[in-house]
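Visitor: Residue numbers (our numbering): 15 to 136.
Here's a structure for you.
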């Protein structure tokens, strides 16, 4: 039989400890989520910046190659046609030769340390 005598200081202390543990655990999960979001944001910002700089480099390198080929072929347009043909060849190779397995493997590597991994605290 449960009586009012069951509410002893020991039970109150146990409940207080349990509530403190739960609050601490919630705060820990929040901090871990915040850290993962921050890491993802930094990685995304860095990737976008590097991608943009790489794209600008590729554009100016392509213009340089086209102008150099124009000068070498003594033509005002064949150099740019050769560079465009090179990019068309790359496009065909990627469309036909590179399957989704390569990209799937890359995605698996990148996501290997996220929520798919087991909890380290256990």
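Cβ coordinates follow ideal geometry from the N, Cα and C atoms, glycine included.
None of the values given here were measured: they were computed from a predicted structure.
Leaving out five residues on either side along the sequence, give the residues of the same chain with a beta carbon under 6 Å from the beta carbon of residue 76.
Guide: Cβ neighbours of residue 76 beyond the five flanking positions: 97.
Visitor: Would a C-beta distance cut-off of 9 Å place residue 93 and residue 80 closer than the cut-off?
Guide: Going by C-beta atoms, residue 93 is nearer than 9 Å to residue 80.
Visitor: Excluding the 5 residues preceding and the 5 following residue 32 in the sequence, name in chain order all residues of the same chain whose CB lies nearer than 7 Å to its CB.
Guide: Answer for residue 32: no residue qualifies.
Visitor: Could you check whether residue 84 and residue 74 sit closer than 9 Å to each other, using their CB atoms as the reference points?
Guide: Cβ atoms of residue 74 and residue 84: not closer than 9 Å.
Visitor: Suppose only complete runs of 4+ residues qualify. What are the alpha helix (DSSP H) ranges in the region 71 to 134, listed by chain order?
Guide: Runs found: 92 to 110, 114 to 124.
Visitor: In this structure, how does DSSP classify residue 38 when only helix, strand and coil are distinguished?
Guide: Helix.
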